[in-house]
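Chemist: This structure is in structure tokens; I'll ask about it shortly.
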Amino acid sequence: MPLNASDWPRWRRLLDEHFGAPLPGSYRGVAEDFVVEELLDFTPEGQGEHLWLFIEKRGQTTLDVVRALGRLCKTGPREIGYSGMKDRIAITRQWLSVQLPGREPPEGLETALAESGIQVLQCHRHPRKLKRGVHRRNRFTLRLSGPAMAEEALTPRWQHLCEQGVPNYFGPQRFGPEGRNLFRAEALLAKGWRKRDDRHGMLLSSARSFLFNTLLSARIEEGSWATPCPADTLMLDGTQSLFAIDEVDETLYARAGRLDVHPTAPLWGKGVEEQGAMAAHAQTLEKTYPTLCAGLERSGVAVSRRALRMRLSEPRLEREAPDRVVLSFELPKGSFATAVISELIAHPDFEPVRPGAALSP
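Take 1 as the starting number for the sequence shown in the UniProt record's numbering and just add one per residue.
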């Protein structure tokens, strides 16, 4: 039977056990309430056949910018690179590249982009195309408002996240309105995934994200989401470096307490083979969501790993009004600011899909 809304789990929040469920709040009422900026750890070289553009956009997706840039530069999508996908309802600053071998960019390119709502902040040449995941981190500046911002528990909630880390959930935007991306992913995986049916891999990603969130929720429930367990695979903070462990000693416990290392869970795909505490959760997942698990393995996408916890870097909380605050922090690439927000406010975006509502389009 295909998934429907009644199957959608309520993934566990971390802070409910400590502070109770958060009060209602609002975020992203307007684009200015949600600002995100990509941070590179290198500088374009200033020469080469690829033009790198650091742009600011609002009210548009990254793919909208790709299409506008391709139209103006008369290039296909394969000649355009970007590191990360950024939200539409936000002010986002990100890098893109366009291959222009032996030619200058079209005259008036920046003006034409500006007329489409895309402001060019920097422009440099570089020898190589910008590839997915090249940026190191994202810097967020978020405005939150409502009763949750006025309650006394807000400050200790925020401090707990700063000191102990945040569950590294994929945000609700990964699953689309009413979870439709996941439903489409299940239907595609049931008949056999083909790239031509999922050109950007969005549906594969939705299915893998759903399964990862379910595993993370299970580890939060058993109290081991941030604590190494025997046979875990750990990730070194700030890197993608992985190492497997057999047993846990005091040194590893101490490193986890300093947020130096984090337990991981699989991003489902070909080659899944879990050990220890994660093995039982993975087996439950295979029984509960067989179409998603088996379909991902048949698709050929290789299993990879994602940290269960993320560290907030350079966190700040500034109060603008009794019921309004501005949060700023940096997160590793691929981590979602909505995972932070969901621990601080109750909002329909963070609730399960409405019971009885089919996930189909």
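Idealized CB from N, CA, C, for every residue including glycine.
On the three-state DSSP scale, how would you describe Ile91?
Modeler: The residue given as residue 91 occupies position 91 in the sequence shown. Note: Ile91 maps to strand in three-state DSSP.
Chemist: Between the Cα of Glu247 and the Cα atoms of Thr264, Pro228 and Ala337, which residue gives the shortest distance?
Modeler: By 1-based counting over the sequence shown, the position of residue 247 is 247. When only C-alpha atoms are compared, the closest one is Pro228.
Chemist: Grab the span of the beta strand (DSSP E) containing Asn138 for me, first residue to last.
Modeler: Position 138 of the sequence shown, counted from the start, is the residue given in the question as residue 138. From DSSP, the beta strand (DSSP E) with Asn138 extends over Arg137 to Ser145.
Chemist: Can you name the start and end residues of the beta strand (DSSP E) that Cys123 belongs to?
Modeler: Mapped onto the sequence shown, residue 123 falls at position 123. Start and end: Ile118 to His126.
Chemist: To the nearest angstrom, how far is the alpha carbon of Gly223 from that of Val66?
Modeler: Numbered from 1 along the sequence shown, position 223 holds the residue referred to as residue 223. Numbered from 1 along the sequence shown, position 66 holds the residue referred to as residue 66. For Gly223 and Val66, the distance between alpha carbons rounds to 43 Å.
Chemist: Confirm, please, whether the CB-CB distance from Asp260 to Gly146 is below 8 Å.
Modeler: Taking the first residue of the sequence shown as position 1, residue 146 is located at position 146. Taking the first residue of the sequence shown as position 1, residue 260 is located at position 260. Result no, Cβ atoms of Gly146 and Asp260 do not sit closer than 8 Å.
Chemist: Kindly give me the distance between the Cβ atoms of Leu308 and Arg219, rounded to whole angstroms, as I take these residues to be in contact under 8 Å.
Modeler: Position 308 of the sequence shown, counted from the start, is the residue given in the question as residue 308. Position 219 of the sequence shown, counted from the start, is the residue given in the question as residue 219. About 6 Å separates the two Cβ atoms, so the contact holds.
Chemist: Where DSSP assigns a beta bridge to Tyr27, which residues make up the other side?
Modeler: Taking the first residue of the sequence shown as position 1, residue 27 is located at position 27. Beta-bridge pairing links Tyr27 to Leu144.
Chemist: Straight-line CA distance for Cys73 to Glu56?
Modeler: Taking the sequence shown and counting its residues from 1, the one referred to as residue 73 is at position 73. Taking the sequence shown and counting its residues from 1, the one referred to as residue 56 is at position 56. Near 18 Å, if we compare the C-alpha coordinates of Glu56 and Cys73.
Chemist: Please tell me whether residue 402 and Gln283 are closer than 8 Å, where the distance is taken between their beta carbons.
Modeler: Missing from the structure shown is residue 402; the chain here goes from 1 to 361 and no further.
Chemist: Does the separation of the CB atoms of Lys129 and Gln99 fall below 8 Å?
Modeler: As a working note, residue 129 is residue 129 in the sequence shown. As a working note, residue 99 is residue 99 in the sequence shown. The answer is yes: Cβ separation under 8 Å.
Chemist: Kindly list the residues whose CB is nearer than 6 Å to the CB of Ile341, restricted to its own chain and excluding five residues on each side of it in sequence; keep chain order.
Modeler: One-based indexing of the sequence shown puts residue 341 at position 341. Excluding residues within five positions, the ones whose Cβ falls inside 6 Å are Tyr27.
Chemist: Any idea if Ala321 is buried or exposed, counting beta-carbon neighbours within 10 angstroms, 16 or more meaning buried?
Modeler: Working through the sequence shown from its first residue, we reach residue 321 at position 321. Result: exposed.
Chemist: Ignoring anything shorter than 4 residues or poking outside the region 38-75, list the alpha helix (DSSP H) runs there in chain order.
Modeler: Those alpha helix (DSSP H) runs which fall completely within the region 38-75 and span 4+ residues are 62-73.
Chemist: Checking the sheet assignment: what are the DSSP bridge partners for Lys270?
Modeler: Indexing the sequence shown from 1 puts residue 270 at position 270. Answer by DSSP bridge pairing, in chain order: Ala302.
Chemist: Determine the DSSP secondary structure at Glu151, reduced to helix, strand or coil.
Modeler: Start at 1 with the first residue of the sequence shown, and residue 151 comes out as number 151. In this structure, Glu151 counts as coil in the three-state DSSP scheme.
Chemist: Nearest to Leu14 by CA position, among Ala226, His200 and Gly133, is which residue?
Modeler: Taking the sequence shown and counting its residues from 1, one reaches residue 14 at position 14. That would be Ala226, whose Cα lies nearest to the Cα of Leu14.
Chemist: Where does Glu32 fall in DSSP's three states?
Modeler: Residue 32 sits at position 32 when you count from the first residue of the sequence shown. If DSSP states are grouped into helix, strand and coil, Glu32 belongs with the helices.
Chemist: Anyone know if the C-beta pair for Lys270 and Val303 falls short of 8 Å?
Modeler: For the purposes of this step, residue 270 is identified with residue 270 of the sequence shown, where counting begins at 1. For the purposes of this step, residue 303 is identified with residue 303 of the sequence shown, where counting begins at 1. Taking 8 Å as the Cβ cut-off, Lys270 and Val303 qualify as a contacting pair.
Chemist: Is the beta carbon of Ser328 sitting closer than 8 Å to the one on Thr141?
Modeler: Indexing the sequence shown from 1 puts residue 328 at position 328. Indexing the sequence shown from 1 puts residue 141 at position 141. Closer than 8 Å, so yes.
Chemist: Please report the distance separating the alpha-carbon of Ala112 from that of Gln122.
Modeler: The residue given as residue 112 occupies position 112 in the sequence shown. The residue given as residue 122 occupies position 122 in the sequence shown. Going from the Cα of Ala112 to the Cα of Gln122 covers about 15 Å.
Chemist: Tell me the DSSP secondary structure of Gln275 in three-state form.
Modeler: Stepping through the sequence shown from its first residue, residue 275 is reached at position 275. Here Gln275 sits in coil by DSSP.
Chemist: Here's the rule I'm using: 16 or more other beta-carbon atoms within 10 Å means buried, otherwise exposed. How should residue 439 be labelled?
Modeler: Past the boundaries of the shown model lies residue 439; the chain is included only from 1 to 361, so the question cannot be answered.
Chemist: At the level of alpha carbons, what is the spacing between Thr233 and Ala114?
Modeler: Counting from 1 along the sequence shown, the entry for residue 233 is found at position 233. Counting from 1 along the sequence shown, the entry for residue 114 is found at position 114. Computed Cα separation, rounded: 46 Å.
Chemist: May I ask you to report which of helix, strand or coil DSSP gives Met235?
Modeler: Position 235 of the sequence shown holds residue 235. Three-state DSSP puts Met235 in a strand.
Chemist: Tell me whether the beta-carbon of His135 lies closer than 8 Å to the beta-carbon of Glu45.
Modeler: Along the sequence shown, read from residue 1 onward, the residue named residue 135 stands at position 135. Along the sequence shown, read from residue 1 onward, the residue named residue 45 stands at position 45. No; because the gap between Cβ atoms is not below 8 Å, this pair is not in contact.
Chemist: Assuming Arg174 and Ser206 form a contact by the criterion Cβ under 8 Å, report the distance between their Cβ atoms to the nearest whole angstrom.
Modeler: Here residue 174 refers to the residue found at position 174 of the sequence shown. Here residue 206 refers to the residue found at position 206 of the sequence shown. Between Ser206 and Arg174 the Cβ distance is about 6 Å, and since that is below 8 Å, they are a contact.
Chemist: Give the range of the alpha helix (DSSP H) segment to which Ala321 is assigned.
Modeler: In the sequence shown, counting from the first residue as 1, residue 321 sits at position 321. Element bounds for Ala321: not the alpha helix (DSSP H) but the beta strand (DSSP E), Ser313 to Ala321.
Chemist: Could you check if Val30 is buried or exposed, using at least 16 other CB atoms within 10 Å of its CB as the buried criterion?
Modeler: Working through the sequence shown from its first residue, we reach residue 30 at position 30. Val30 is exposed by the Cβ-count criterion.
Chemist: Taking the alpha-carbon positions, what's the Gly84 to Gly133 distance?
Modeler: Your numbering for residue 84 matches position 84 in the sequence shown. Your numbering for residue 133 matches position 133 in the sequence shown. Gly84 and Gly133: Cα-Cα distance of roughly 6 Å.
Chemist: How close, in whole Å, do the beta carbons of Leu317 and Ala148 come, if the pair is a contact with beta carbons under 8 Å?
Modeler: Taking the sequence shown and counting its residues from 1, one reaches residue 317 at position 317. Taking the sequence shown and counting its residues from 1, one reaches residue 148 at position 148. Wrong, their Cβ atoms sit about 13 Å apart, outside the cutoff.
Chemist: Sort Met235, Thr75, Trp52 and Pro266 by Cα distance to Leu252 and report the nearest one.
Modeler: Translated into the one-based positions of the sequence shown, residue 252 becomes position 252. The option with the nearest alpha carbon to Leu252 is Met235.
Chemist: Per the DSSP calculation, Pro167 is bridged to which residue(s)?
Modeler: Within the sequence shown, the letter at position 167 stands for residue 167. Answer by DSSP bridge pairing, in chain order: Arg309.
Chemist: Can you list, in chain order, the stretches of the beta strand (DSSP E) that have 3 or more residues and sit fully within the region 187-267?
Modeler: Listed in chain order, they are 233-236, 242-244 and 261-267.
Chemist: Less than 8 Å between the beta carbons of Leu211 and Leu285, yes or no?
Modeler: Translated into positions along the sequence shown, residue 211 becomes position 211. Translated into positions along the sequence shown, residue 285 becomes position 285. For Leu211 and Leu285, yes; Cβs fall inside 8 Å.
Chemist: Ile341 by DSSP, collapsed to three states: which one?
Modeler: The residue you call residue 341 lines up with position 341 of the sequence shown. In this structure, Ile341 counts as helix in the three-state DSSP scheme.
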